[in-house]
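Following the numbering used here, the numbering of the sequence shown begins with 18 at its first residue and continues without gaps. Just below is one structure, and these are the notes that go with it.
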Amino acid sequence: MNRMEDKPIDLRSDTVTKPSEGMREAMSRAAVGDDVYGEDPTINRLEEMCAEIARKEAALFVPSGSMANLIAQMCYIQKGDEVIIGANSHCFRYEVGAGAAIAGSQYVVIDGSGLFTADQARQRLRPPTFHTPGTALLWIENTHNMGGGIVFPLEEIRRLKALAGEHGLPLHMDGARVFNASVATSTPVGDITRHVDSVSFCFSKGLGAPVGSALCCSRDMRTMAHRFRKMLGGGMRQAGVLAAAALYALENNFERLAEDHENASRLAQNLAGMPGIEVDLDSVQTNIIMAHLPVIGADDLVEELRQRGVLIHAITPDSIRLVTHLDVSAADVDRASSIIDQTLSELVG
Ligand SMILES: *Cc1c(COP(=O)(O)O)cnc(C)c1O
């Protein structure tokens with residue numbers, strides 16, 4: 018209970034960041050208009066910037082990554098069509114089944130860490146016949162959240178794009194954390210996303226904005242996406258205050274993701290030396306750490322750490338996730354490390 022009086026060190030997710038003073042100032046100064054009429058100058062500027070970053074014709078600002086992903090599916094598929102996707106992808110597992118319930122996606126899942134090869138996807142392609150649904154979409158996630166923030170290799174993305182092209186299929190990237198992939202590989206975002214037909218990315222993860230995602234795509238797809246956004250209740254009015262936070266995030270919090278990656282790497286190395294916990298250091302490529310607990314329960318560790326001022330997530334009964342972000346400093350990592358070490362020593366005995 019040594020640090021209950023302090024602010025807890027929150028390693029549950031990079032979504033927990035709070036808007037900084039600078040970001041709040043940018044929000045308060047934002048020029049706004051009615052975005053449903055396309056008249057919010059700050060949103061228009063953000064969408065132009067996103068399209069440029071992703072090297073796409075256009076972009077649409079939406080309230081969440083889940084909505085961006087859902088709209089992408091609605092644009093690409095007819096109900097019952099097959100979407101080839103990694104088994105642990107956010108879209109399949111953590112969006113309350115929206116793709117199936119609303120877009121009508123039938124997921125054809127590829128098991129594994131989250132990454133898959135073009136050859137694996139090729140084996141699952143099916144043309145539509147009078148009794149089979151056909152493949153309508155290929156879906157990748159970069160970085161891969163449940164894979165532990167791993168980067169989808171660019172070579173494989175190119176192969177998947179070639180495969181999709183051969184079969185006249187679109188390739189979508191859930192790039193909620195594509196900025197982390199960019200920083201981790203020193204590759205501009207556009208050099209990654211130019212190999213996909215569309216990409217969704219989040220301002221509310223490592224970039225530290227309170228709300229918002231962008232769907233970057235062709236001009237025609239944006240026209241469709243704009244209608245679906247309205248259909249889903251995602252048409253916002255003077256949302257330039259939110260777009261200002263996203264612009265601020267892109268301008269100020271992108272390059273610094275490297276610090277989060279260093280902090281995650283440092284934390285992972287510390288964890289690897291502790292009792293009762295296993296970390297695959299090769300899988301720690303960005304800001305997410307997945308760790309296995311061979312002897313103690315994940316829920317027990319989460320609760321014990323919570324009482325000592327360190328917040329983490331249980332992912333399965335015997336695995337946990339820790340995420341670094343802009344509200345976690347190197348000093349926080351060291352403090353969290355010693356609290357976790359102490360706790361594990363007591364629990365493992
Ligand atoms: C966070 C996240 C999303 C979007 O989630 P929202 O909570 O809707 O913002 C989508 N994909 C991945 C991989 C994510 O981590």
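Every residue, glycine too, gets a C-beta built ideally from N, C-alpha and C. This structure is a prediction, so every number in the text was calculated from the model and none was measured.
| Item | Value |
| --- | --- |
| Status (buried if at least 16 other CB within 10 Å, exposed otherwise) for Gly-185 | exposed |
| CB contact flag (Leu-232, Val-79, <8 Å) | yes |
| Supposed close pair Cys-92, Ala-242 - CB separation, criterion 8 Å | 6 Å |
| 6 Å CB neighbourhood of Arg-176 in its chain, flanking five on each side removed | Ala-135 |
| For Ile-127 and Ala-153, believed in contact at Cβ under 8 Å, the rounded distance | Contact flag wrong, Cβ pair sits at about 16 Å. |
| Three-state secondary structure (DSSP) of Asp-349 | helix |
| Any beta strand (DSSP E) of 3 or more consecutive residues that is wholly inside the segment 215–292 | 215–219, 230–234 |
| Of the residues Ala-193, Ile-102, Glu-173, Gly-97, the one placed nearest Phe-147, counting alpha carbons only | Gly-97 |
| Reduced DSSP secondary structure (H/G/I, E/B, other) of Gln-123 | strand |
| Cβ pair count under 8 Å reaching 3, the segment 316–323 against the segment 52–63 | no |
| Contact check, Ile-209 vs Ser-199, beta carbons under 8 Å | yes |
| Residue(s) in a DSSP beta bridge with Glu-295 | His-309 |
| Cβ-heavy atom distance, Arg-194 to ligand 1, below 7 Å | yes |
| Boundaries of the beta strand (DSSP E) in which Val-340 is found, first to last residue | 336–340 |
| Leu-155 and Leu-132 closer than 8 Å at C-beta | no |
| Which residues DSSP lists as bridging Leu-318, in chain order | Answer is none; Leu-318 lacks a bridge partner. |
| Exposed unless 16 or more other CB atoms sit within 10 angstroms - verdict on Val-213 | buried |
| Cα-Cα separation, Cys-234 to Ile-70 | 12 Å |
| Beta bridge counterpart(s) of Thr-149 as assigned by DSSP | Bridge partners of Thr-149: none, in fact. |
| Short Cβ contact (8 Å threshold) for Gly-223 with Asp-31 | yes |
| Closer than 7 Å: Ser-371 CB and nearest ligand 1 heavy atom | What is shown of the chain runs 18 to 366, which leaves residue 371 out entirely. |
| Any non-hydrogen atom of ligand 1 within 7 Å of Ser-122 CB | no |
| Other residues of its chain near Ser-130: CB distance less than 6 Å, five sequence neighbours each side excluded | Gly-164 |
| Simplified DSSP state of Ile-329, which is helix, strand or coil | coil |
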